[in-house]
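Numbering (my numbering), first residue to last: 258 to 530. By construction, the Cβ of each residue, glycine as well, lies at the ideal position given by its N, Cα and C atoms.
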Ligand SMILES: [Zn+2]
């Protein structure tokens, strides 16, 4: 159940022509069983040492040991491939169907579940990339390629095969490819991560729905602040308190919904219909 105030706000937005943006983080995919990989689930042993996700997900680590980084991402790809989109992902698809060009999805998740649920690639900004895709590690072109289907996901401790290494080469120049994700020691850009598009969307957003995001990364914070500064309404959906909930409630016009995305988003879609 949503509060009557929130339902009235959503209905007013639906009647108008303002833009609606949904910003999702790990929380929405946790309901599909995907861990954040920032905690112990993301620890990875290379040789005799255990690495933390903040070390693995770096360009520095890829330069030092590209095979280890690929093994880790192929393991993560397998975890994501075995998971299925949940009611939250499906409700986001409904929101896009209801709102059409008024709608944008900005996601920090690299698990592909939004696209698998049916969100359109055109209106979905995957600001941290997607583990099912790769690109040339030598940047011979800005092209993004799907990881070939014959590259099998890895279990922990499973090595890459010679065939894997061949299939993971850049299709254009034949050197190594790399996972198409934003690493901790890299910066956002427009071509790969829709950085400017996300900020432009924020400027025009009347209603921002933040789902399952803790606010640890830079671009989501910027998006929320821009929306707030320009008088937009923020609805935070999270089972835990977080900085977006406090930002939403500041000024008295936003909402904090202490429910999971799988529970709250279908109600929001019904109210916007
Ligand atoms: Zn290349």
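Ordered list of beta strand (DSSP E) runs contained in the stretch 408-438, each at least 3 residues: 434-438
Between the alpha carbons of residue 352 and residue 419, how many angstroms are there, rounded? 44 Å
Considering only the alpha carbon of each residue, which of 530, 517 and 512 lies closest to residue 260? 512
Buried/exposed call for residue 364, threshold 16 Cβ in 10 Å: buried
Would residue 446 be called buried (16 or more neighbouring beta carbons within 10 Å of its own) or exposed? exposed
Span of the beta strand (DSSP E) holding residue 383? 381-383
Assign residue 291 to one of three DSSP states: helix, strand, or coil. coil
What does DSSP give as the partner residue(s) for residue 281 in the beta ladder? 364 and 468
For a quick check, are the C-beta atoms of residue 517 and residue 490 less than 9 Å apart? no
What residues come near ligand 1, if near means a beta carbon less than 5 Å from any of its heavy atoms? 393, 397, 427, 429 and 430
Inter-stretch contact (C-beta, 8 Å, three-pair minimum) for the stretch 472-488 and the stretch 298-311: no
Using a Cβ-Cβ distance cut-off of 9 Å, determine whether residue 371 contacts chain C. The structure shown contains no chain C; it is built from a single protein chain.
One question on the structure: do residue 349 and residue 331 come within less than 9 Å of each other, judged by their Cβ atoms? no
Measuring alpha carbon to alpha carbon, tell me which of 471, 279 and 333 ends up nearest residue 438. 333
Can at least three beta-carbon pairs, one atom from the stretch 520-528 and one from the stretch 263-276, be found at a separation below 8 Å? yes
Helix or strand or just coil, what does DSSP make of residue 262? helix
Please classify residue 296: does DSSP put it in a helix, a strand, or coil? coil
Span of the alpha helix (DSSP H), counted from its first residue to its last, around residue 353: 344-356
Among the candidates 372, 367 and 327, whose CA atom is the shortest distance from the CA of residue 410? 327
Closest by C-alpha distance to residue 340, when choosing among 395, 404 and 292: 292
Where do the ends of the beta strand (DSSP E) carrying residue 493 lie? 490-494
Residue 397 beta carbon less than 9 Å from that of residue 435: no
Alpha-carbon to alpha-carbon, residue 280 and residue 466: 6 Å
Going by DSSP in three states, residue 458 sits in which element: helix, strand or coil? helix
Mind checking which residues open and close the beta strand (DSSP E) that includes residue 301? 301-303
DSSP on residue 524, reduced to helix/strand/coil? helix
What does the Cβ neighbour count give for residue 451, buried or exposed, with the cut at 16 atoms within 10 Å? buried
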